[in-house]
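Chemist: Handing you this structure, nothing more for now.
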Amino acid sequence: MYRQLLMKEDHQKYQKILWQFNPLVKRSDPAIKIKSLKLNQMTEKITKSIETATKKVNMQGKKQRGSRMSEETLELMNRRRQMNRDHTEYRSLNRAITKALRKDQRTYNTNSIIKQSKAIKI
Numbered sequence: 001m002y003r004q005l006l007m008k009e010d011h012q013k014y015q016k017i018l019w020q021f022n023p024l025v026k027r028s029d030p031a032i033k034i035k036s037l038k039l040n041q042m043t044e045k046i047t048k049s050i051e052t053a054t055k056k057v058n059m060q061g062k063k064q065r066g067s068r069m070s071e072e073t074l075e076l077m078n079r080r081r082q083m084n085r086d087h088t089e090y091r092s093l094n095r096a097i098t099k100a101l102r103k104d105q106r107t108y109n110t111n112s113i114i115k116q117s118k119a120i121k122i
């Protein structure tokens, strides 16, 4: 998929292509004329960029979740996924997960502060 953009006139002066008609001649030769072409449209392939951005966002979330949550919290979450939402156990499990997440977040923040303070030279 491609997207074509019309550029503002103010920005067109920054989008130039230098063109040398005869590539066999040395570029340092002053007799060679170099044409300057100003672009007024930009075509961009967005399918690949969307795919790349999606992968980065997904990987970033996995990295953070793995480092910030304890194994116990992840196990509670897996149990919750398998449960029916109508049970009262589901609600109590939600409360337990919320408490575990808060505890994990506090632990992560405390460890981050300790790491930062060790890196500071006084």
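In the UniProt record's numbering, the protein residues as written are 1 to 122.
We treat Cβ as the ideally placed atom computed from N, Cα and C, and that holds for glycine.
Using only alpha-carbon positions, find the residue among Tyr108, Lys38 and Asn78 that is nearest to Lys13.
Modeler: Counting from 1 along the sequence shown, the entry for residue 13 is found at position 13. Measuring from the Cα of Lys13, the nearest candidate turns out to be Lys38.
Chemist: Specify the secondary structure class of Lys35 as computed by DSSP and reduced to three states.
Modeler: Position 35 of the sequence shown, counted from the first residue, corresponds to residue 35. Reduced to three states, the DSSP call for Lys35 is strand.
Chemist: According to the neighbour-count rule (16 or more other Cβ atoms, all chains shown, within 10 Å of its Cβ), is Leu18 buried or exposed?
Modeler: In the sequence shown, residue 18 corresponds to position 18, counting from 1. Exposed, because fewer than 16 other Cβ atoms sit within 10 Å of the Cβ of Leu18.
Chemist: Take the Cβ of Leu76 as the centre, count every other Cβ of all protein chains shown within 10 Å, and call the residue buried at 16 or more, exposed below.
Modeler: As a working mapping, residue 76 is identified with position 76 in the sequence shown. Flag for Leu76 reads buried.
Chemist: Just the Cα atoms here: how many angstroms apart are Arg65 and Thr73?
Modeler: Taking the sequence shown and counting its residues from 1, one reaches residue 65 at position 65. Taking the sequence shown and counting its residues from 1, one reaches residue 73 at position 73. Residue placement at Arg65 cannot be trusted, given a pLDDT of 49 that sits under 50; what the coordinates show is reported in the next sentence. About 11 Å.
Chemist: Could you tell me the distance, in whole angstroms, from the CA atom of Leu6 to the CA atom of Asn40?
Modeler: As a position in the sequence shown, residue 6 is number 6, starting the count at 1. As a position in the sequence shown, residue 40 is number 40, starting the count at 1. In a straight line, the C-alpha of Leu6 is about 6 Å away from that of Asn40.
Chemist: Using only alpha-carbon positions, find the residue among Lys55, Glu71, Lys16 and Thr54 that is nearest to Ile97.
Modeler: In the sequence shown, the residue the question calls residue 97 occupies position 97. Comparing Cα-Cα distances from Ile97 to each of Lys55, Glu71, Lys16 and Thr54, the minimum goes to Glu71.
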